[in-house]
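This report refers to the structure that appears directly beneath it.
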Amino acid sequence: MRSYIVLLMLGFGLMALPSGSALGDERVKWRFEMSSDFARHRSAVAADGSVYVNDVGGTLYALAPDGSLRWTFDTGGQGSQGPVTLGADGTVYVAGDPLGSETFIHALNPDGSLKWTVVDPDGQGVIAGPNVGPDGNIYVVTELPALSAFALSPAGDVLWNVPGFIENGQVGEEIVFGNGDLYFCLGGVVHALDDGGDVEWSVTVGGGQERQVAVGPEGHLYVETFFPGVGKRLGAFDANGDLLWQALSSGTNALTAPDVGADGAVYIMRNTLQLFAFHADGTTKWVTNPSGSFGAGGDFQNTTNGPIVSPDDVQVALAGSGGFGQPGGVRSFDARNGSELWRVEFPLENGQTLVPHSRVTFSPDSQTVYVSVSNPQDDSSYFYAIDARTLPLWTDLGSGLAGGNEAPCLTGSGALAFQSTVAFELTNATPLATATFVVGTQAVNAPFKGGVLVPSPELLVAGVTDAAGALTLSGSVSLVLPSGLTMLAQTWLADSGAPHGYAASNAIMASVP
1 MRSYIVLLML GFGLMALPSG SALGDERVKW RFEMSSDFAR HRSAVAADGS
51 VYVNDVGGTL YALAPDGSLR WTFDTGGQGS QGPVTLGADG TVYVAGDPLG
101 SETFIHALNP DGSLKWTVVD PDGQGVIAGP NVGPDGNIYV VTELPALSAF
151 ALSPAGDVLW NVPGFIENGQ VGEEIVFGNG DLYFCLGGVV HALDDGGDVE
201 WSVTVGGGQE RQVAVGPEGH LYVETFFPGV GKRLGAFDAN GDLLWQALSS
251 GTNALTAPDV GADGAVYIMR NTLQLFAFHA DGTTKWVTNP SGSFGAGGDF
301 QNTTNGPIVS PDDVQVALAG SGGFGQPGGV RSFDARNGSE LWRVEFPLEN
351 GQTLVPHSRV TFSPDSQTVY VSVSNPQDDS SYFYAIDART LPLWTDLGSG
401 LAGGNEAPCL TGSGALAFQS TVAFELTNAT PLATATFVVG TQAVNAPFKG
451 GVLVPSPELL VAGVTDAAGA LTLSGSVSLV LPSGLTMLAQ TWLADSGAPH
501 GYAASNAIMA SVP
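So in our numbering, spot 275 of the sequence shown is number 275, and the numbers just go up one at a time.
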């Protein structure tokens, strides 16, 4: 087995491995080539792993969990017409906008057969939705003079409509739900309608254009605000449309769409290349800067699609690229602290870099990320499935050796991933004792001083415990580590109460996803 020399200056410097390591391409499960230039909207994933994505040419693709094509459906579309959305029974709902004034809302069985089509005869295309609500009905907004905002039953009946909504172009944002209402933002105004079609309230958030709204578990709404003289900020509103708080007090000129986790944390990216996590009360949970080397070079700049948090609330994934002509990819960050968990760089296609065109979608089990990308040079486009699994970070291997007290306890935190912070915390050790952290990439399990030396001694880092017998050392992963690399750590201390004058902590182990 190849021996890696790990350079780890815990608490003082860096952790690194030889450059040129793989950038996570082994995480790519499969990729599917689409027939149009790009797909703007997020895909939909069924409980059985089937994936549905519609491209800008109006083709809906149904893909098996292994990426093979099951069927296609021509929506009659001439442009990007909103997301694909799924009913609880597996029915697939998708919009199409043929030439002329008609707009189609199609309902398809999971096998691709058509259940029904509802035609809005006078609209200019979908500007929000379609999305399935908690009640199972389908909600859509088309541009006037159409039905505009309307609800469809699962049988295809028009339940109600509210006329008069307009937007600059068929952008097809997602309608979101909470507090018994549905929310969307058009022309810089957030609208709240109840499930019977009554307008509860409308609030101006500025900017004069569509915004993607997110709803938290406590019922708060989150959306980009853009008021004169302030710049763009993240705004939080209660269920009545009253402003609760705004984050990013200095404002900015570019914000992504927000997303909200199960714990109420709100995630958003600003143009200064900072990914923010805010608590539901507006205080900062963490902030990280995903800039820096990404493959061939460049910063992770083109992230206008926004972060998405996984259903299990463990990670936040963000698709982007390193700017014009630079590689694109997906990065995942730990939802707890913002450290990077993994990354995937898209390979060149026909000698050209690929650009993400949609926010990512997680599978319901949080194990896979899906994203649409395109090659602007030759108008080709692809749909990627990426392994998003995160391994247990640090495993306790035992083999502690007691001294005057019980055996010291060593714990680890942080993933072995680029820009992640890794920390070793030693407790229950002899106070004010010299401690040596032994770090290696293999287990040798060698007899030593009456105990067992578990890691191969490739790196030794010394420190001194405090008066409580504790010591914490930490450092940042400065380079991309090869997938599958294993790291082990154990601490040995001078201890007169031990059989041979030394006590040892348990050993711990982590692997690169």
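Yeah, the Cβ is synthetic: ideal placement off N, Cα and C, and Gly gets one too.
Inset, instruction - Closer than 7 Å by C-beta to residue 116: which residues in its own chain qualify, once you throw out the five before and the five after it? Chain order, please. - result: 107 and 156
Inset, instruction - State the Cα-Cα distance for the pair residue 507 and residue 390, rounded to the nearest angstrom. - result: 21 Å
Inset, instruction - Just mark residue 395 as buried or exposed, buried being the case when its beta carbon has 16 or more other beta carbons within 10 Å. - result: exposed
Legend entry - Buried or exposed (CB count within 10 angstroms, at least 16 for buried), residue 152: buried
Legend entry - Nearest to residue 285 (by Cα), restricted to the options 270, 271, 274 and 266: 266
Inset, instruction - Report buried or exposed for residue 467, applying the criterion of at least 16 other Cβ atoms within 10 angstroms of its Cβ. - result: exposed
Inset, instruction - Take every Cβ of the stretch 131–139, pair it with every Cβ of the stretch 76–88, and state whether three or more of those distances are shorter than 8 Å. - result: yes
Legend entry - Supposed contact pair residue 30 and residue 74 - C-beta distance, whole angstroms, cut 8 Å: Their Cβ separation, rounded to whole angstroms, is 24 Å, which puts residue 74 and residue 30 out of contact at 8 Å.
Inset, instruction - Run the CB neighbour count on residue 136, radius 10 Å, all protein chains shown included, and call it buried at 16 or more, exposed below. - result: exposed
Inset, instruction - Give the DSSP-derived three-state secondary structure of residue 331 in the structure shown. - result: strand
Legend entry - Buried/exposed call for residue 163, threshold 16 Cβ in 10 Å: exposed
Inset, instruction - Only counting runs of 3 or more residues, tell me where the beta strand (DSSP E) segments fall wholly within the stretch 339–367, in order along the chain. - result: 340–345
Legend entry - Beta-carbon proximity list for residue 100, same chain, < 7 Å, skipping 5 on both sides: none
Legend entry - residue 495 burial status per 10 Å Cβ neighbour count (16 or more: buried): buried
Legend entry - Minimum length 3: unbroken beta strand (DSSP E) runs contained in the stretch 212–299: 221–227, 231–237, 243–252, 266–270, 274–278 and 284–288
Inset, instruction - Please go through the stretch 172–203 and give each complete beta strand (DSSP E) segment of 3 or more residues, from N-terminal end onward. - result: 176–178, 181–186 and 189–194
Inset, instruction - Please say whether residue 489 and residue 439 have beta carbons closer to each other than 8 Å? - result: yes
Inset, instruction - Compare the Cα-Cα distances from residue 181 to each of 194, 154, 175 and 328 and report the closest residue. - result: 194
Inset, instruction - Can you have a look at residue 96 and say buried or exposed, based on whether 16 or more other CB atoms are within 10 angstroms of its CB? - result: buried
Inset, instruction - Mark residue 455 as exposed unless 16 or more other C-beta atoms lie within 10 angstroms of its C-beta, in which case mark it buried. - result: buried
Legend entry - Check whether residue 309 and residue 371 have beta carbons under 8 Å apart: no
Legend entry - Boundaries (first-last residue) of the beta strand (DSSP E) holding residue 32: 28–34
Legend entry - DSSP three-state assignment for residue 442, whether helix, strand or coil: coil
Legend entry - Selection from 352, 103, 449 and 463 that minimises the alpha carbon distance to residue 514: Here the chain covers residues 1 to 513 and nothing more, so residue 514 does not appear.
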